[in-house]
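Residues are numbered in the numbering used here as their position in the sequence shown, beginning at 1, plus a constant of 33.
Backbone N, C-alpha and C fix where the C-beta goes; we use that ideal spot for every residue, glycine too.
Small disclaimer: the values here were computed from a predicted structure and weren't measured.
Before any comments, here is the structure.
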Amino acid sequence: MSDILYDLYFGKITPWEKKVTDPFVKEAVEKTQKARKKLDEQLPEQLKPLLEAFCLAESDMHGRALYAEYLDGFKTGIRLMSAVFERGQAELEYRPLTMSELACKGIRILNLIKCFWNRRLPIRKKG
């Protein structure tokens, strides 16, 4: 396994050069290319500059949206790592609840059930 910091420093990590392997994305790209080719063939010459301007504007919009999503994903990853390091490894490992923790959680759950029951399904008095 390679060292991500080493690869990042020496430019071996280049997400923008990553090959698209998702078949749905490939299919969408092919459909777009076919439609663009048909438009280029059938569109009158005076409308081709308008089509080119539209395609450039749309490409810019998609690029900006992709960059925003990239930043959001990166920030989410950092927050996840931060949460792991803040809690420490011991907290992340499974451990059974103690009897007092179990009793405390059980009482809270019973109280929640009682509150829900009393609000939603009032108990009818006999008589």
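Given that a residue counts as buried once 16 or more other Cβ atoms are within 10 Å of its Cβ, and exposed if not, what is L154?
Taking the sequence shown and counting its residues from 1, the one referred to as residue 154 is at position 121. Residue placement at L154 is flagged as unreliable, the pLDDT there being 45, under the threshold of 50; the coordinate-derived value follows with that caveat. Answer is exposed; the Cβ neighbour count stays below 16.
Enclosing alpha helix (DSSP H) for P56 [first to last residue]:
Here the question's residue 56 lines up with position 23 in the sequence shown. P56 -> alpha helix (DSSP H) spans 56–75.
Take L84 and list the residues in its own chain whose beta-carbon comes closer than 7 Å to its own, dropping the five residues that flank it on each side.
Counting from one through the sequence shown, the residue named residue 84 turns up at place 51. Same-chain partners within the cutoff: L72, L76.
Rounded C-alpha distance that separates I111 from D55
Numbered from 1 along the sequence shown, position 78 holds the residue referred to as residue 111. Numbered from 1 along the sequence shown, position 22 holds the residue referred to as residue 55. The straight-line gap from Cα to Cα measures roughly 25 Å.
Residue interval of the alpha helix (DSSP H) (run including D36):
Against the sequence shown, residue 36 aligns to sequence position 3. Segment: none, D36 is in no alpha helix (DSSP H) and carries neither H nor E.
Using C-beta distances below 7 Å, list every residue in its chain close to K40, excluding the 5 sequence neighbours before and after it, in chain order.
Position 7 of the sequence shown holds residue 40. One detail in the question is off: residue 40 reads as Asp in this sequence, not Lys. Answer for D40: I46, listed in chain order.
Give the DSSP-derived three-state secondary structure of T47 in the structure shown.
Your numbering for residue 47 matches position 14 in the sequence shown. In the three-state reduction of the DSSP assignment, T47 falls in the coil class.
With a CB to CB cut of under 8 Å and the five nearest residues on each side skipped, what residues in its chain are close to Y103?
As a position in the sequence shown, residue 103 is number 70, starting the count at 1. Excluding residues within five positions, the ones whose Cβ falls inside 8 Å are P48.
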